[in-house]
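*Asks:*
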Amino acid sequence: MRKLLVVLMCAVGLYASEVSIGQSDFLVRLINFVLFFGLLYYFLGSTIKSIFVNRREGIQKRLMEAQEQLLLIKNEKEQALKALEESKKLALEIENNAKKEVLEIGQRYEEKLTKDTQQFNLLNQNIYEAYRRKLMLNEVNCLLEEVEQKVQIKDLAHLGLEALQNGGKN
1393 MRKLLVVLMC AVGLYASEVS IGQSDFLVRL INFVLFFGLL YYFLGSTIKS
1443 IFVNRREGIQ KRLMEAQEQL LLIKNEKEQA LKALEESKKL ALEIENNAKK
1493 EVLEIGQRYE EKLTKDTQQF NLLNQNIYEA YRRKLMLNEV NCLLEEVEQK
1543 VQIKDLAHLG LEALQNGGKN
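Take 1393 as the starting number for the sequence shown in our numbering and just add one per residue.
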């Protein structure tokens, strides 16, 4: 490919000039050019090849490292996604458990509130009944005291009549 390119460039140069090839020093320069690059290749060819080979190997090494790193990153991403899914499942489970606990606690408090309300109502009924009994007992005591006073008055009056009746006889 390179040789063809050199030949084409030379041919273009020959056709473009009005001078014939015999009148120019083109062949001498071409021979010098070929010798120069031949010597360069002979002395520096292995060094240049080793530079390019080392460069190619370095690029391949960096590419392999990048691919390994990409693989590691993909694995870490997959693990992170799995951990995220597990975390979501765990969060959902915790949320469901929390909802159940809230319902259970609500039911327990409702039952306790109902029980406490019933006990409070029973206590109020008992207090009311005790107060009613106390009022009735006070009323009965008052009535009994009145009756007892009337009986005592009646007994005194009866005694006084007997005393009067007996007193008139003595």
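Each residue gets a CB set at the ideal place from its N, CA and C atoms; glycine is no exception.
1. Within its chain, find whatever has a CB closer than 6 Å to the CB of residue 1552; leave out the 5 residues flanking it on each side and keep chain order.
2. Taking only the alpha-carbon atoms, compute the straight-line gap between residue 1544 and residue 1555 and give it to the nearest angstrom.
3. Note down the Cα distance separating residue 1457 from residue 1463, rounded to an integer number of angstroms.
4. How many angstroms separate the CA atom of residue 1522 from the CA atom of residue 1515?
5. Roughly how many whole angstroms lie between the Cα atoms of residue 1424 and residue 1444?
6. Closer than 6 Å by C-beta to residue 1479: which residues in its own chain qualify, once you throw out the five before and the five after it? Chain order, please.
7. Near residue 1507, which residues of its chain fall below 6 Å by C-beta distance, leaving aside the five closest residues on each side in sequence?
8. Return the chain-ordered list of same chain residues with a C-beta closer than 8 Å to the C-beta of residue 1483, the five sequence neighbours on each side being excluded.
9. Could you pull out every residue in the same chain whose Cβ sits closer than 8 Å to the Cβ of residue 1502, ignoring the five residues on either side in sequence?
*Replies:* In terms of the structure at hand:
1. none
2. 16 Å
3. 10 Å
4. 10 Å
5. 26 Å
6. none
7. none
8. none
9. none
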